[in-house]
Amino acid sequence: MSTPKLVATDLDGTLLDAEGQVSARTREVLRELDHRGIPVVFVTGRPIRWMESLWNDVGGHGLAVCSNGGIVYDVGSHSVRNALTVPRDTALQVASTLRKAVPGTWFALEKTTGFAREEGFMGRHREPLGIETGPLEAIFDDSVVKLLAIHHEITPETYWRHAEEMVGTMLEVTWSSSFSLLEMSARGVTKATTLERLSTELGIGPADVVAFGDMPNDIPMLRWAGHSYAMANAHPSARAVAQHTAPANTDDGVATVLARVFGL
């Protein structure tokens, strides 16, 4: 394996430990890569608002891919460099279709400016203060990068299969949670497509990228990267497409592989 020129890593279930933190060992490896000038790009489904505590772990600079490819974030300037938004008409059509096909579906929106939800949408994470709520048509604007759909009585994979069949040609549909939360981006927007654009700007091709992930939303990135690792704790679908298996996130799997690959 040739030495990669860029590291792309998912966060939850991958780089982060069971408490959602960067371990001391992982922080040490990331710091050494930064000293060597190797870009480490966080490629996550997380929105920007869940990222602030992690920027120091990439040296407080560089770029990150958030919201499953919907946002490229400039860490140094704390600003959105690029946003790939979801078309309003398409999103509303998707919502109408899913409501009819899977009754009990509720929606929320990840925006470049924050989060908004329908009254019936309740996730498992603490919501920011002053959250915008209302009918989907009223809360939807031109800053939406991800349409979220939740259901409280159907399994995640079954929910995804229904959505993929019904609306998969209209939006990118994926999931990354243990509960039934679908994540939908504009057609053609995935972790892989946005990472590819970012890497191309840096003059780096897929053959020189090593990527780590654990869930279905990581599959496009794992397929694209020249060197791909699914975590030992990964969903079977992610392990099936990755070239290699890394130790579990709770065992500092990403740091272990990077230390070996880069001779740290």
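Quick note on numbering: the working numbering labels position 247 of the sequence shown as 240, and the sequence is numbered without any gaps.
No residue lacks a Cβ here, since even glycine has one placed at the ideal position from N, Cα and C.
Proximal residues to residue i (C-beta, below 7 Å), its chain only, five neighbours per side dropped
i: Thr105; result: Ile64, Val73, Ala76, Ser136 and Val138
i: Asn61; result: Gly38, Lys139, Thr167, Glu176, Ser178, Thr183, Lys184 and Asn210
i: His144; result: Val95, Gly97, Thr98, Tyr152 and Ser173
i: Cys59; result: Thr37, Arg39, Pro40, Ile41, Met44 and Tyr66
Proximity to residue i [Cα-Cα], best of the options
i: Arg253; options: Ala156, Glu25, Leu175 and Gln14; result: Glu25
i: Gly219; options: Ala11, His237, His228 and Ala233; result: His237
i: His71; options: Ala131, Asn49 and Leu8; result: Asn49
i: Arg232; options: Glu21, Val160 and Pro213; result: Pro213
i: Leu47; options: Arg29, Ala88, Trp217 and Asp5; result: Asp5
i: Ser255; options: His28, Arg81 and Ser173; result: First, the amino acid is wrong: residue 255 is Phe here, not Ser. Cα-wise, what sits closest to Phe255 is His28.
i: Ser170; options: Leu188, Leu91, Ala142 and Phe133; result: Ala142
i: Ile132; options: His54, Ala84 and Glu146; result: Ala84
i: Leu270; options: Gly161, Gly13 and Gly55; result: Beyond the ends of the chain as shown, which are -6 and 257, falls residue 270; an answer cannot be given.
i: Val160; options: Ser89, Ser(-5) and Val68; result: Ser89
i: Asp245; options: Gly13, Thr(-4), Val87 and Gly198; result: Gly13
Rounded separation between residue i and residue j - CA only
i: Ala239; j: Leu195; result: 26 Å
i: Ser230; j: Met208; result: 7 Å
i: Ala225; j: Ala241; result: 5 Å
i: Asp211; j: Pro40; result: 15 Å
i: Gly52; j: Lys93; result: 47 Å
i: Asp10; j: Trp99; result: 30 Å
i: Tyr152; j: Pro96; result: 11 Å
i: Thr249; j: Met163; result: 39 Å
i: Thr186; j: Asp201; result: 16 Å
i: Val66; j: Met44; result: Residue 66 is actually Tyr in this sequence, not Val. The alpha-carbon atoms of Tyr66 and Met44 are separated by roughly 10 Å.
i: Val15; j: Glu125; result: 31 Å
i: Val22; j: Arg81; result: 42 Å
i: Arg110; j: Glu130; result: 11 Å
i: Phe114; j: Leu(-1); result: 37 Å
i: Arg190; j: Ala57; result: 12 Å
i: Leu91; j: Thr(-4); result: 45 Å
i: Gly181; j: Gln86; result: 18 Å
i: Arg154; j: Gly69; result: 39 Å
Bridge partner(s) assigned by DSSP for residue i
i: Thr126; result: Arg110
i: Tyr152; result: DSSP output for Tyr152 lists no bridge partner at all.
i: Val0; result: Val33 and Val203
i: Phe100; result: Ala142
i: Met159; result: Answer is none; Met159 lacks a bridge partner.
i: His237; result: Tyr222
i: Trp168; result: Leu175
i: Ser72; result: Asp67
i: Leu56; result: Asp67
i: Val137; result: Lys104
Residue i classed as buried or exposed, judged by whether at least 16 other C-beta atoms fall within 10 angstroms
i: Arg266; result: Because the chain spans -6 through 257 in this model, residue 266 falls outside it and cannot be assessed.
i: Glu150; result: exposed
i: Pro32; result: buried
i: Pro128; result: exposed
i: Glu112; result: exposed
i: Ala17; result: exposed
i: Thr19; result: buried
i: Ser192; result: buried
i: Leu257; result: exposed
Beta-carbon proximity list for residue i, same chain, < 6 Å, skipping 5 on both sides
i: Val79; result: Val137, Leu140 and Ala179
i: Leu157; result: Looking at the sequence shown, residue 157 is not Leu but Glu. Same-chain partners within the cutoff: Val166.
i: Ile197; result: Lys(-2) and Leu(-1)
Cutoff 8 Å; reference residue i; Cβ partners in own chain excluding five residues on either side
i: Thr243; result: Asp10, Ala11 and Asn226
i: Thr2; result: Leu8, Val33, Val34, Phe35, Val36, Ala204, Phe205, Gly206 and Val247
i: Ala235; result: Gly206, Leu215, Ser221, Tyr222, Ala223 and Ala227
i: Phe108; result: Pro40, Arg42, Ala101, Leu102, Glu120, Pro121, Ile124 and Glu125
Residue i at chain B interface by Cβ criterion, 8 Å
i: Gly38; result: Here chain B cannot be found, since the structure has a single protein chain.
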